[in-house]
Each structure stands twice: as C-alpha cells, then as structure tokens.
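The structure appears right after this line, and notes come after that.
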Amino acid sequence: MKPSGPPNATSTASLRLHFRNGERLGPGKIELLEHLARERSISGAARAMGMAYRRAWLLVDDMNRMFAEPVVQTFPGRSQGAGAQLTAFGERLIALFRAAERRSADAVALQLQALDEALNPAPSAAQNRDADAG
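Take the sequence shown: its letters are residues 3 to 136, numbered as in the working numbering.
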C-alpha cells in the first residue's frame, strides 16, 4: 500500500559533509553561495533566502574560514557594483558539492525507494504537526 501524502511527493536524501576539523557543509550553505553568485551581495542573497543579513554574513565568514582559500570576496562600502562575489574556489566548491550530491543520491536511490515503499500509509506525527500548524 502506498503512503498517503501530497501528490507526486517523493522521498529524498540530503548530503551534509562533516570534515575532519569539525566543520560542516550542507545544502543550505551551498544555496547561499548560489544566491550570492546571482545577487552579487550578501544582503541580496539573504533576502532571496528569507534569511537575516547577519546570519548570511556569519555563514559566509564561516565558509571563508573553513577552507585554506576564501570562498567569497567582499567589497565593503563599495558604492557601485557588487558587494560580494564568489572566488574561483567558491565556484569550484559549489560544483564539487553538487556533484557529490548527485552521486550520493544515485548511490542511495534503490534503498530509498525500498524504504519509501515501507512507509506507514497513515499520516505521520510530522504530517499531523504540519497540518496543525497551518
């Protein structure tokens, strides 16, 4: 029996990297970098994600400190043009993470499908919480 849920809903896997130095990198930070590449500013990227500027700035600062090379170059006080841009390493970081994400999704696809088919067809506690919150 198939579980009830939104039409065309599929289960997904999410990749989060835990580095040996204790740092972590996941889809949220990568999404922030992708928005930053389009918006060319930390504040624009934050707005696009519905995130406070300070939170976005702290995440960018965290990523810049995480790696030997900076991920984002900022231009404080610049009156014209971009306030921030990805470095070449920042662009490479996005590409490497997205490639790892695709490979990991492919690697777990059969197991995820089997687990998806084994789901209880009754609404879960999480679905009930979501419905009550709406």
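Glycine included, C-beta positions come from ideal geometry on N, C-alpha and C.
Within 7 Å, strictly: CB atoms of residue i and residue j
i      : j      : result
Ala135 : Ala15  : no
Leu34  : Ala54  : no
Leu17  : Glu103 : yes
Leu95  : Val110 : no
Ser13  : Leu88  : no
Residue of the options minimising C-alpha distance to residue i
i      : options                      : result
Ala97  : Asn23, Gln113, Glu36         : Glu36
Glu25  : Thr76, Phe69, Gln129, Ser126 : Phe69
Gln75  : Ala58, Ser43, Arg57, Ala50   : Ser43
Val62  : Ser13, Ala86, Ala111, Arg40  : Ala86
Arg100 : Gly28, Pro125, Ala111, Pro72 : Gly28
Glu93  : Ser45, Lys31, Ser126, Ser13  : Lys31
Leu90  : Phe77, Glu71, Arg105         : For the sequence presented, residue 90 should be read as Ala rather than Leu. For Ala90, the nearest C-alpha among the options comes from Glu71.
Ser45  : Phe77, Leu117, Asn122        : Phe77
Extent of the continuous beta strand (DSSP E) run through residue i
i      : result
Ala120 : Segment: none, Ala120 is in no beta strand (DSSP E) and carries neither H nor E.
Bounding residues of the alpha helix (DSSP H) (the contiguous stretch that carries residue i)
i      : result
Leu60  : 55-68
Asn140 : Residue 140 lies beyond the range of the chain shown here (3 to 136); nothing can be said about it.
Arg49  : 44-51
Ala39  : 29-41
Sheet register partners of residue i (DSSP bridge)
i     : result
Val74 : Leu88
Leu98 : In the DSSP output, where bridge partners are listed per residue, Leu98 has none listed.
Leu19 : Leu27
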